[in-house]
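**Q**
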Amino acid sequence: MVVAEALLGTPTSTAGNPWWLYLDQAFIRANPGYEVLVGAFFLLFLPLSIALNSAAFSVAVLLCTPPELRALAASNGPSDAPGAAAAAGPAPAHRRGAAGAAAGVPHVTRKPGGPLPLFSLEDDPSAAALADIGIQAVPHSSLPLSPPPRHPAEGSSADAASASAAAAAALTASTLPAERAAAGADSGGPLNTLRAALASIAAVLPEAPASVRRVWWADMHLNARALPLQGLCLLVLPALWAVPRLLRLQLTLPAAALEGRTGRDAIERSGALMGSSLAAYGMPFALLLGAGRLLEYVQTVAMALIPPRWWRDVVEVPLLVAGAFLLVKACVARLQDLLPLATYMELAEQEADSRRKQQEQVAAAMLLQEPPQQPQAHGKEANGAAGAGPALTHAAAAAVAPAAA
Numbered sequence: 002m003v004v005a006e007a008l009l010g011t012p013t014s015t016a017g018n019p020w021w022l023y024l025d026q027a028f029i030r031a032n033p034g035y036e037v038l039v040g041a042f043f044l045l046f047l048p049l050s051i052a053l054n055s056a057a058f059s060v061a062v063l064l065c066t067p068p069e070l071r072a073l074a075a076s077n078g079p080s081d082a083p084g085a086a087a088a089a090g091p092a093p094a095h096r097r098g099a100a101g102a103a104a105g106v107p108h109v110t111r112k113p114g115g116p117l118p119l120f121s122l123e124d125d126p127s128a129a130a131l132a133d134i135g136i137q138a139v140p141h142s143s144l145p146l147s148p149p150p151r152h153p154a155e156g157s158s159a160d161a162a163s164a165s166a167a168a169a170a171a172l173t174a175s176t177l178p179a180e181r182a183a184a185g186a187d188s189g190g191p192l193n194t195l196r197a198a199l200a201s202i203a204a205v206l207p208e209a210p211a212s213v214r215r216v217w218w219a220d221m222h223l224n225a226r227a228l229p230l231q232g233l234c235l236l237v238l239p240a241l242w243a244v245p246r247l248l249r250l251q252l253t254l255p256a257a258a259l260e261g262r263t264g265r266d267a268i269e270r271s272g273a274l275m276g277s278s279l280a281a282y283g284m285p286f287a288l289l290l291g292a293g294r295l296l297e298y299v300q301t302v303a304m305a306l307i308p309p310r311w312w313r314d315v316v317e318v319p320l321l322v323a324g325a326f327l328l329v330k331a332c333v334a335r336l337q338d339l340l341p342l343a344t345y346m347e348l349a350e351q352e353a354d355s356r357r358k359q360q361e362q363v364a365a366a367m368l369l370q371e372p373p374q375q376p377q378a379h380g381k382e383a384n385g386a387a388g389a390g391p392a393l394t395h396a397a398a399a400a401v402a403p404a405a406a
């Protein structure tokens, strides 16, 4: 209040009771009604402050994460594609056969656990006759044993060159603004650095509204769970129970911003990521929280030690001290916002590597369990067997005709 009176040049008491400016702890404790007003003011404007924090976090995510990482994280989010694919099921056999016939590929069927057949018996009558006597051969209409030599089309080289040029142009267009911003920041000093930062923020602002609402809703759920736990952390014994649960909630906003999760789904995703790495990644969060509380205590003590004469005669010194503390507290607060994002990126990368290794192990195990294919007939034997197919078919038909008569 003294600072406001010094800046405005008039007593603020004439404009009403400035309870929102009075920071004397002794006065607030002596008047419990002010504590109620401060609590009501905090709860009333909590959704608005959460909305501002959600907007700032969404912009920070767009600035700090490359597009390919956002696409990879979005693939970990909830999606209906697997369910739709499972509901659709495999394509019918007649459709697969029609598609294969249209493509010139024989229809291939395989029994579970059996060897891989060369083609379907229904594709060639001679092949069916040979199969009756235990001979498996490749018909004339099947694919050749050796792939034909590839002759590139006339325009293929030009198409490849144009595709490469287009990819290079797209890469240059995507990296050019960042390079220009970095060059401007390095060459011009603080003013150009600020301009480059503002240009980067303006470039990602059109993409931010898509995730602000989702992040805001997840942040509301986060505060609904975190505020009671923070109240328990003020005590001694319940803090041992509340702190690990607070740490499991720290990745809620990155999960909402990058994976498209909302509400409880984002909270559960945060707990799943932090559950196995709580001991390794919990210490930086605890250190930042402790640094913020310690900074507030030091600020209170430092502002109380300033002589009252300085507030009247040299108000610049108290304002400079208050501004320095405000800047340091803002840096700590931004670190508290960006540390969950950095932790999420690290844990998501570890999860992707683990999933990739597991898929490679499964593929290797499937290759080891694959039964060997039966040898094919090659050369003259295959041609002779294929040529004898129609004769064997006519012989079988002649043998069946008297029996039928």
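Residue numbers for the sequence shown follow our numbering, so the first one is 2 and each next one is one higher. Here a beta-carbon is modelled for each residue, glycine too, at the ideal position from N, C-alpha and C. Computed from a predicted structure; not experimentally measured.
#1: State buried or exposed for residue 282, treating a residue as buried only when at least 16 other CB atoms are found within 10 Å of its CB.
#2: Are the Cβ atoms of residue 247 and residue 268 separated by less than 8 Å?
#3: Output the residue ranges of the beta strand (DSSP E) runs that lie fully inside the region 193-272 and measure 3 residues or longer, sorted by chain position.
#4: Helix, strand or coil: how does DSSP classify residue 115 here?
#5: For residue 259, count neighbouring C-beta atoms within 10 Å of its own C-beta (all shown protein chains included) and say buried if the count is 16 or more, exposed if not.
#6: Three Cβ pairs or more, each shorter than 8 Å: is that satisfied between the region 325-340 and the region 283-298?
#7: Below 8 Å between beta carbons: does that hold for residue 61 and residue 339?
#8: Need the endpoints of the alpha helix (DSSP H) that residue 309 sits in, please.
#9: Can you give me the C-alpha to C-alpha distance between residue 205 and residue 312, rounded to a whole angstrom?
#10: With a Cβ-Cβ cutoff of 8 Å, do residue 252 and residue 243 count as a contact?
#11: Does DSSP put residue 301 in a helix, a strand or coil?
#12: CB residue 213 to CB residue 50, shorter than 8 Å?
#13: Assign residue 301 to buried or exposed, taking buried as 16 or more other Cβ atoms, counted over all protein chains shown, within 10 Å of its Cβ.
#14: Roughly how many whole angstroms lie between the Cα atoms of residue 225 and residue 215?
#15: Can you tell me whether DSSP reads residue 46 as helix, strand or coil?
#16: My understanding is that residue 209 touches residue 53, with C-beta atoms under 8 Å, so please give their C-beta distance in whole angstroms.
#17: Who are the Cβ neighbours of residue 1 in its own chain at under 7 Å, not counting the five residues just before and after it?
#18: Work out the CA separation of residue 316 and residue 236 for me, nearest whole Å.
#19: With three or more beta-carbon pairs closer than 8 Å as the criterion, would you say the region 341-354 touches the region 316-330?
#20: Between the C-alpha atoms of residue 207 and residue 195, what's the straight-line distance to the nearest angstrom?
#21: What are the boundary residues of the alpha helix (DSSP H) that residue 355 is part of?
#22: Near residue 239, which residues of its chain fall below 8 Å by C-beta distance, leaving aside the five closest residues on each side in sequence?
#23: When the Cα atoms are used, what is the spatial distance from residue 34 to residue 228?
#24: To the nearest angstrom, how far is the alpha carbon of residue 85 from that of residue 357?
#25: Taking 7 Å as the limit between beta carbons, can you name the residues of its chain near residue 264, skipping five residues before and five after?
**A** Answer, in terms of the structure:
#1: Taking the sequence shown and counting its residues from 1, one reaches residue 282 at position 281. Answer is buried; the Cβ neighbour count reaches 16.
#2: Locating residue 247 in the sequence shown gives position 246, where the first residue counts as 1. Locating residue 268 in the sequence shown gives position 267, where the first residue counts as 1. Against a cut-off of 8 Å, the Cβ pair of residue 268 and residue 247 comes out as no contact.
#3: none
#4: Stepping through the sequence shown from its first residue, residue 115 is reached at position 114. Residue confidence for residue 115 is low, a pLDDT of 43 falling below 50, so the modelled location carries little weight; the figure read from the coordinates is stated next. Note: residue 115 maps to coil in three-state DSSP.
#5: Against the sequence shown, residue 259 aligns to sequence position 258. Buried, by the Cβ-count rule.
#6: yes
#7: Along the sequence shown, read from residue 1 onward, the residue named residue 61 stands at position 60. Along the sequence shown, read from residue 1 onward, the residue named residue 339 stands at position 338. Yes.
#8: As a position in the sequence shown, residue 309 is number 308, starting the count at 1. 309-314 is the extent of the alpha helix (DSSP H) around residue 309.
#9: Residue numbering aside, residue 205 sits at position 204 when the sequence shown is read from its first letter. Residue numbering aside, residue 312 sits at position 311 when the sequence shown is read from its first letter. Rounded to the nearest angstrom, the two C-alpha atoms are 43 Å apart.
#10: The residue labelled residue 252 in the question sits at position 251 within the sequence shown. The residue labelled residue 243 in the question sits at position 242 within the sequence shown. It is not a contact, given that the beta carbons lie outside the stated cut-off.
#11: On the sequence shown, residue 301 is found 300 positions in, with the first residue counted as 1. The three-state secondary structure of residue 301, taken from DSSP, is helix.
#12: Within the sequence shown, the letter at position 212 stands for residue 213. Within the sequence shown, the letter at position 49 stands for residue 50. No, they are not a contact pair.
#13: To locate residue 301, count along the sequence shown from 1; it is residue 300. Counting Cβ neighbours within 10 Å, residue 301 comes out exposed, since fewer than 16 surround it.
#14: In the sequence shown, counting from the first residue as 1, residue 225 sits at position 224. In the sequence shown, counting from the first residue as 1, residue 215 sits at position 214. When rounded, the distance between both Cα atoms is 16 Å.
#15: As a first step, residue 46 is located in the sequence shown; it is residue number 45 there, counting from the start. Residue 46 carries a coil assignment under DSSP once its states are collapsed to helix, strand and coil.
#16: Against the sequence shown, residue 209 aligns to sequence position 208. Against the sequence shown, residue 53 aligns to sequence position 52. Contact doesn't hold; Cβ gap of about 12 Å is too wide.
#17: Since the first residue shown for the chain is 2 and the last is 406, residue 1 is missing from the structure and cannot be characterised.
#18: Residue mapping note: residue 236 aligns to position 235 of the sequence shown, counting from 1. Residue mapping note: residue 316 aligns to position 315 of the sequence shown, counting from 1. Distance between the alpha carbons of residue 236 and residue 316: 38 Å.
#19: no
#20: Here residue 207 refers to the residue found at position 206 of the sequence shown. Here residue 195 refers to the residue found at position 194 of the sequence shown. Annotation: residue 207 to residue 195 spans about 20 Å, alpha carbon to alpha carbon.
#21: Against the sequence shown, residue 355 aligns to sequence position 354. Run containing residue 355: 317-370, per the alpha helix (DSSP H) assignment.
#22: As a first step, residue 239 is located in the sequence shown; it is residue number 238 there, counting from the start. Hits under 8 Å: 233.
#23: Counting from one through the sequence shown, the residue named residue 34 turns up at place 33. Counting from one through the sequence shown, the residue named residue 228 turns up at place 227. In a straight line, the C-alpha of residue 34 is about 22 Å away from that of residue 228.
#24: Looking up residue 85 in the sequence shown gives position 84. Looking up residue 357 in the sequence shown gives position 356. Because residue 85 sits at a pLDDT of 37, beneath the cut-off of 50, its placement in the model cannot be relied upon, and the point is left open.
#25: Counting from one through the sequence shown, the residue named residue 264 turns up at place 263. If we look at residue 264 and ignore the five residues flanking it on each side, its Cβ neighbours are 218, 219, 222.
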